[in-house]
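Okay, so the sequence shown: first residue is 15 according to the working numbering, each after it adds one. Working notes for the structure below.
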Amino acid sequence: MDNGLFLQRLHADAFCLAITFSVCKLTPPSITEFSMPITQRLAELGITLPQPAAPVAAYVPYVITGNLVYVSGQLPMDNGQVKVTGRVGSDVSLENGQLAARVCALNILAQVQAACGGDLNRVERCVKLGGFVASSAD
């Protein structure tokens with residue numbers, strides 16, 4: 015699977031990393047033919063996807079149009095709390111910045127899984143990935 019997600023810094027002073035949206039091309043459920051279900055591979059890697067974040071106010075977690083799913087606004091949220099805040103290099107260590115990126119990526123996968131009715135094998139490819147990290151000047 016080719017991964018692509020678009021990250022955007024929302025509040026540089028507040029959040030270390032924020033993901034604005036990902037674009038994934040989907041195949042119809044009947045066409046998926048992988049040798050191993052993606053969820054099985056994630057389990058082998060010791061990765062458990064979190065529950066997708068619930069919509070708040072006018073926030074829409076994803077939109078499907080045609081065979082594309084757009085995932086919006088994923089922050090480094092873990093159990094309803096922002097996991098990492100501040101600027102990498104001054105307030106946040108590189109390791110914690112990497113942790114924030116991982117949490118955001120897992121949150122995106124959880125939203126994509128929800129958009130696909132629980133079947134990540136429907137993802138044919140992810141189309142775009144961009145990342146913005148709030149960091150110190152040096």
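Heads up, the beta-carbon is just placed ideally off N, CA and C, and yes, glycines get one too. Remember, predicted model here, so these are calculated numbers, not experimental data.
When you compare only the Cα positions, how much space is there between L63 and Q88? When only Cα atoms are considered, L63 and Q88 end up about 14 Å apart.
Whole angstroms are fine: how far does the CA of K97 sit from the CA of Q125? Looking at the backbone, the Cα of Q125 and that of K97 are separated by about 18 Å.
Touch check for the stretch 110-118 and the stretch 128-136: three-plus C-beta pairs under 8 Å? Taking a cut-off of 8 Å on C-beta distances, the stretch 110-118 does not touch the stretch 128-136, as fewer than three cross pairs fall below it.
With distance defined between alpha-carbon atoms, name the residue in D152, F146, A129 and V147 nearest to N81. Of the listed residues, the one whose Cα sits closest to N81 is A129.
Can the beta-carbon of V70 be found less than 8 Å from the beta-carbon of P90? In this structure, V70 keeps its C-beta atom at 8 Å or more from the C-beta atom of P90.
Between Y76 and E58, what straight-line distance do the alpha-carbon atoms span, to the nearest angstrom? Roughly 27 Å separates the two Cα atoms.
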